[in-house]
Each structure stands twice: as structure tokens, then as C-alpha cells.
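Below: the structure, in C-alpha cells.
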Amino acid sequence: ASYDATLLQLNQQPPANVVYAGSYFGPGTRPGVDVLGVHHPKGDLQKASVGTVRGYVSCGGSDCTRVSSGPMLEVAWRTGATEGGSSGSAMFAQSGGIRYVVGTLFGGASSCQNPVGSDYFGRFELSFADGIGRLLGR
């Protein structure tokens with residue numbers, strides 16, 4: 479719950495035409511890193527937003543507070559915004575020329591009417607480690 483993510487295990491192989499969005503399991507994304515958000519607000523056509531990680535936050539309900547190291551990342555967009563219905567969408571960061579999933583959208587104040595509002599993403603490396611630990615009974 480603190481990462482706003484759930485790890486699911488597939489019961490069978492996905493269809494042949496499914497494309498894998500690479501996931502990075504190394505050190506977490508840090509403040510100052512450029513990111514790309516890909517989302518489908520309210521089921522609309524795919525949108526992309528480009529921004530920078532501002533820092534770490536801890537969220538309780540709809541209130542998020544900046545912290546020195548937390549389970550979520552605060553993102554400021556330079557291009558684009560997110561809208562309602564985009565929750566759970568992926569945020570990518572680049573490492574070695576490849577973009578990896580590093581977060582999932584929790585929410586925030588960004589919108590077409592407020593493009594300077596921050597958004598909050600659960601840190602993928604933490605939610606993945608937590609999910610694997612639960613799967614293995616740790």
C-alpha cells in the first residue's frame with residue numbers, strides 16, 4: 479500500500495504480441511533524473527509527459543509530504559501533464575540507452591489546467607522487492 483502497487487504473477491504465458499516494458503531492478507531513481515510518463519487518461523488516446531524527479535515523498539491518503547528518502551517520487555513535468563484516469567500508469571527513466579519502468583502514478587495536482595502541478599509515483603524498485611518478498615513468504 480505504501481507504494482500504491484501490486485505485483486501479479488501470471489498463470490500462463492502472455493499472448494505472442496505482448497510487448498515487454500523493461501523494468502529496472504537496480505538502484506532507485508534519484509532526484510534530478512529525467513523521466514517519461516506514458517498514460518491513457520480516462521481511456522483516451524495514449525499521452526506522454528516529460529519531466530524531472532524533484533525528490534522523495536511519503537503519501538497518506540491524498541496528502542503527500544516531502545521527505546529525505548521515501549516510498550514515492552515527486553515529479554514536475556516540463557512537457558505535458560497527467561489527468562484523472564491515468565493512475566497506475568508507468569514512468570520510465572533511461573539507463574544505458576534503454577528506458578525502464580521506475581514508477582507507477584499514484585496521483586497529484588498535475589492537469590491540463592495546472593501543468594505545473596506535481597505528480598507522485600510509487601517507486602518500482604521498492605514495490606517489486608516487496609512483492610517478491612511476499613511471494614517468497616518473507
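Quick note on numbering: the sequence shown equals residues 479 to 616 in the working numbering. Just so it is clear, CB atoms sit at the ideal spot from N, CA and C, and this is done for glycine as well. All of these numbers come straight from a predicted model, not from anything done at the bench.
Going along the chain, which residues of its own chain have a beta-carbon closer than 7 Å to the beta-carbon of Ser588, five neighbours each way excluded?
-> As a first step, residue 588 must be located in the sequence shown, where it is residue number 110. Closer than 7 Å at Cβ, skipping near neighbours: Trp555, Ala559, Thr560, Gly595, Ser596 and Asp597.
Fully enclosed by the segment 500-582, which beta strand (DSSP E) runs are 3 residues long or longer?
-> 512-517, 525-538, 541-545, 550-557 and 568-573
With a cut-off of 7 Å, does the C-beta of Ser546 fall near any C-beta of chain C?
-> Among the chains in the structure shown there is no chain C, since it carries only a single protein chain.
What residue from Tyr498, His518 and Leu514 has the CA that sits closest to Gly563's CA?
-> Counted from its first residue, the sequence shown places residue 563 at position 85. Per the Cα distances, His518.
Cβ-Cβ separation, Met550 to Val535 (assumed contact under 8 Å), whole Å = Your numbering for residue 535 matches position 57 in the sequence shown. Your numbering for residue 550 matches position 72 in the sequence shown. Right, the Cβ-Cβ distance comes to about 5 Å (below 8 Å), so this counts as a contact.
Contact check, Thr582 vs Ala483, beta carbons under 7 Å | Position 104 of the sequence shown, counted from the start, is the residue given in the question as residue 582. Position 5 of the sequence shown, counted from the start, is the residue given in the question as residue 483. Against a cut-off of 7 Å, the Cβ pair of Ala483 and Thr582 comes out as a contact.
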